[in-house]
Amino acid sequence: MSYDSESETMPGPGKHWLRALSPRTYTNKLRKRESKSGLDEKDSRPNTISAAEKSEDLPHKRPKQQMLPATPPQEADEPPIEELSKEEKIQQSKDLLKQNLNDSERKQHYDNRRSELLKEEQTDSWDRESRNSASHFQNLAADIVWRIREHERDNLFGNKASEQIPEPSTRDMGGQFLTNKERIEEHSLLFKIAKTMPKGAHLHAHFNAELPVDDLLKRVRDMDTMFVRSTQPLVVPEDYAKTEIVFTVLPSDHPEADLFSEDYSPAFKNTDNNPWMKWTTFQGRFGDKAPNGILDAEKWVQEKMVLSEEEVYGTSQTVNGIWARFNQATRCFKGILNFESAYRWYVKEAMRNMVKNGVMYAELRPMLMDKTIPSDDGLRQIDLEGQMKIVENVIVEYQNELQSKGELSKLPWGIKIIYCTPRSIPKQKMQSELEDCIRLKIKFPELICGFDLVGAEDRPNPIGFYREELLSFVQTCKELGINIPFMFHAGETLLDTGGTKEPENSNLYESVLLNAKRVGHGFALTKHPKLIKRFQDLNICIELCPISNELLHLCRNVKEHPYPEILAAGIPCTVNADNPALFGADMNHEFYQVMVGTPTMSMHGWRQLAKWSIEHSCLKHEEIEDGLRFFGERWESFCEWVVNEYGDYARSLDI
Numbered sequence: 001m002s003y004d005s006e007s008e009t010m011p012g013p014g015k016h017w018l019r020a021l022s023p024r025t026y027t028n029k030l031r032k033r034e035s036k037s038g039l040d041e042k043d044s045r046p047n048t049i050s051a052a053e054k055s056e057d058l059p060h061k062r063p064k065q066q067m068l069p070a071t072p073p074q075e076a077d078e079p080p081i082e083e084l085s086k087e088e089k090i091q092q093s094k095d096l097l098k099q100n101l102n103d104s105e106r107k108q109h110y111d112n113r114r115s116e117l118l119k120e121e122q123t124d125s126w127d128r129e130s131r132n133s134a135s136h137f138q139n140l141a142a143d144i145v146w147r148i149r150e151h152e153r154d155n156l157f158g159n160k161a162s163e164q165i166p167e168p169s170t171r172d173m174g175g176q177f178l179t180n181k182e183r184i185e186e187h188s189l190l191f192k193i194a195k196t197m198p199k200g201a202h203l204h205a206h207f208n209a210e211l212p213v214d215d216l217l218k219r220v221r222d223m224d225t226m227f228v229r230s231t232q233p234l235v236v237p238e239d240y241a242k243t244e245i246v247f248t249v250l251p252s253d254h255p256e257a258d259l260f261s262e263d264y265s266p267a268f269k270n271t272d273n274n275p276w277m278k279w280t281t282f283q284g285r286f287g288d289k290a291p292n293g294i295l296d297a298e299k300w301v302q303e304k305m306v307l308s309e310e311e312v313y314g315t316s317q318t319v320n321g322i323w324a325r326f327n328q329a330t331r332c333f334k335g336i337l338n339f340e341s342a343y344r345w346y347v348k349e350a351m352r353n354m355v356k357n358g359v360m361y362a363e364l365r366p367m368l369m370d371k372t373i374p375s376d377d378g379l380r381q382i383d384l385e386g387q388m389k390i391v392e393n394v395i396v397e398y399q400n401e402l403q404s405k406g407e408l409s410k411l412p413w414g415i416k417i418i419y420c421t422p423r424s425i426p427k428q429k430m431q432s433e434l435e436d437c438i439r440l441k442i443k444f445p446e447l448i449c450g451f452d453l454v455g456a457e458d459r460p461n462p463i464g465f466y467r468e469e470l471l472s473f474v475q476t477c478k479e480l481g482i483n484i485p486f487m488f489h490a491g492e493t494l495l496d497t498g499g500t501k502e503p504e505n506s507n508l509y510e511s512v513l514l515n516a517k518r519v520g521h522g523f524a525l526t527k528h529p530k531l532i533k534r535f536q537d538l539n540i541c542i543e544l545c546p547i548s549n550e551l552l553h554l555c556r557n558v559k560e561h562p563y564p565e566i567l568a569a570g571i572p573c574t575v576n577a578d579n580p581a582l583f584g585a586d587m588n589h590e591f592y593q594v595m596v597g598t599p600t601m602s603m604h605g606w607r608q609l610a611k612w613s614i615e616h617s618c619l620k621h622e623e624i625e626d627g628l629r630f631f632g633e634r635w636e637s638f639c640e641w642v643v644n645e646y647g648d649y650a651r652s653l654d655i
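According to the UniProt record's numbering, the sequence shown is numbered sequentially starting from 1.
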């Protein structure tokens, strides 16, 4: 835009003329200029309008006067803002703030926009299907659960925001699980509700840590063929704290070593050495040999099989340290349950426990790299086929038991097996494991349902290390007409490098490239916006294990877990207990933690997570349809129970 060099409105060098004039002064000067030009004040435009002026074309084709900005009116005697003193400006700002405060139209416009924004987000929320289809009782139950949760947040835990230093008894809802566990179990109504809720399917559970430790130890207490070894002699008090204990079944006449001797050799791979002592002998001598305060061998071993609050939350604990402790515990479990009668008992008790906790189907992950388990007398070895036959027979036996009581719908399809092997083995060994998996699938087509690689992801190898073997496995299954989907552990890590130095080796990439059906944990997924989109497109489900992730140091507590972000991204998820016995937490605790971990979780969210667990299982299509129907009926009954049991109480709460 050009200006008349003699015009009064032309700015001086370096001046911003629109800011230099108040609106009223600017208007008066404009009229003065127009008057000098011979234009009428009432109509400063000439009567004859050119074609260019008539056009609605670009601004530079319009009259110069039309380019001047419209401004609000100002009193004629009001000086420009720049000419006001600081005190006058401050007073003017106060007057304007008061005047604008009463602008109801502006406020209403803001509120309308806010309502639209909230509605937009809710319309696209991850739990919209369950929320929009909720019955009257389901909505009532959702409100009751919300009121109870918020009441317990302020009263049972009491950590209200204030400047006051909390009392020693004050806790944080959604804080450290093991710290809160006793209070949750003994005093929380929300936890009682979680214990009663139908939970759908349990899709991420390791076979060797399903049942309470004390139940396992009671079964082998007087067993003459149960032997134990230590990783070091038990001589001084420090030895008892540092050693790792491993069990196995051997013939009753097997020679015994002395774990309490300075000469004890822990080597177990050397065939010339015998590190094993009878468990009954060990228990008998333990009281005399153990340090003061450690009186019971069974109690001592139990503490080695379960992670404690002190071990998990100790100030010097590290990710690698807690993983090493976790692996020690899993090895201790292994020998106590991996023999014939225990295996049979364990499978049935695991299913019985599922029914008790509201789980209607499960896919368990046994570690099948050890190809045999011993008979009770230690004289025979049962191979993988024999183990799978035990599982099949026990499923039929227990389902017949349920059928006789008219309760088959509580566990209509029993359990299936996901073949697991460690990601730390050589490629040649991995090839052998894949062959065994296919062989078992062919022999037990209804039992074997998937394949997984397990182990700490901050240690070698990344899944991609086995890409040739895994690609061959996929093609072989395709040509054989069998389906063994991948359910990889992936993203269960903070480093997310697949046990290497390179972020490009994240196991989440292989989960997409190898078309995994589900991913275990997926904690690191939010680091990968592109992968989130691929997970959405491929409908890959994430098996959430919040308590496991906390205890293994991926997050400090459930409120720091990324599951709300993963859900908000539209990724289907399920809730799982991972290693219930080792962590001291089952599916009841997991659903409770998910509810208190974010204020956006509701009963509708609980329902959606449970439904997804059925939909993303390895059941057949018609079984999934039946499962959703069974679940829907139980969910409605559950919501009616919540309303009848807690409705009056919830309404009495001052929230």
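Ideal placement from N, C-alpha and C gives every residue a C-beta, glycine not left out.
Please state the DSSP three-state secondary structure of residue i.
i	result
CYS618	coil
GLU6	Reliability of the predicted coordinates at GLU6 is poor, the pLDDT of 40 falling under 50, and the value obtained from them is presented with this limitation in mind. If DSSP states are grouped into helix, strand and coil, GLU6 belongs with coil.
LYS289	helix
LYS420	Per the sequence shown, residue 420 should be read as Cys rather than Lys. Here CYS420 sits in strand by DSSP.
CYS545	coil
ILE193	helix
residue 681	The chain is shown from 1 up to 655; residue 681 falls before or after that span and cannot be answered.
MET369	coil
LYS405	coil
PHE268	coil
LEU39	Bear in mind that the predicted position of LEU39 carries a pLDDT of just 42, short of 50, making it too unreliable to give a figure here.
GLY14	Its pLDDT being 42, under 50, GLY14 is placed unreliably in this model, and the value from its coordinates should be taken loosely. Coil.
TYR240	helix
LYS86	helix
ARG62	At ARG62, the pLDDT of 44 sits below 50, so the modelled position is not reliable and the matter cannot be decided from this model.
ARG556	coil
PRO255	coil
TRP146	helix
ASN539	coil
Among all the DSSP beta bridges, which residues are the ones paired with residue i?
i	result
THR248	PHE227
HIS202	ALA362
GLN381	PRO374
ASP452	CYS420
ARG171	GLY158
HIS489	GLY520
ILE336	None, per the DSSP bridge assignment.
ILE415	ALA362
MET277	VAL228
Less than 8 Å between the beta carbons of residue i and residue j, yes or no?
i	j	result
THR421	LEU337	no
ILE547	GLU492	no
PRO562	ASN507	no
ARG365	ILE418	yes
residue 738	LEU190	Past the boundaries of the shown model lies residue 738; the chain is included only from 1 to 655, so the question cannot be answered.
ALA650	ILE144	yes
GLY455	ARG423	yes
LEU234	LEU217	no
ALA581	GLU210	yes
LYS304	ALA324	no
LYS416	GLU457	no
GLY174	LYS559	yes
SER602	TRP146	yes
LYS441	TYR398	no
Can you round the beta-carbon distance between residue i and residue j to whole angstroms, since I take them to be within the 8 Å contact cut?
i	j	result
THR225	VAL249	5 Å
GLY450	CYS618	6 Å
ALA577	ALA205	6 Å
PHE326	LEU552	6 Å
VAL391	LEU470	Not a contact, Cβ separation roughly 25 Å.
TRP641	THR196	7 Å
ILE614	GLY200	5 Å
PHE282	VAL228	5 Å
GLN593	PHE177	7 Å
TRP413	TYR361	5 Å
Taking 8 Å as the threshold (beta carbon to beta carbon), is residue i in contact with chain C?
i	result
GLN232	Protein chains in the displayed structure number just one, and chain C is not present.
Every unbroken beta strand (DSSP E) inside the stretch 571-635 [3 residues or more]: 573-575, all fully within the stretch 571-635.
Which ranges does the beta strand (DSSP E) cover as unbroken runs of at least 3 residues, wholly within the stretch 440-484, from first to last along the chain? For the stretch 440-484, whole beta strand (DSSP E) runs of length 3 or above, ordered along the chain, are 448-454.
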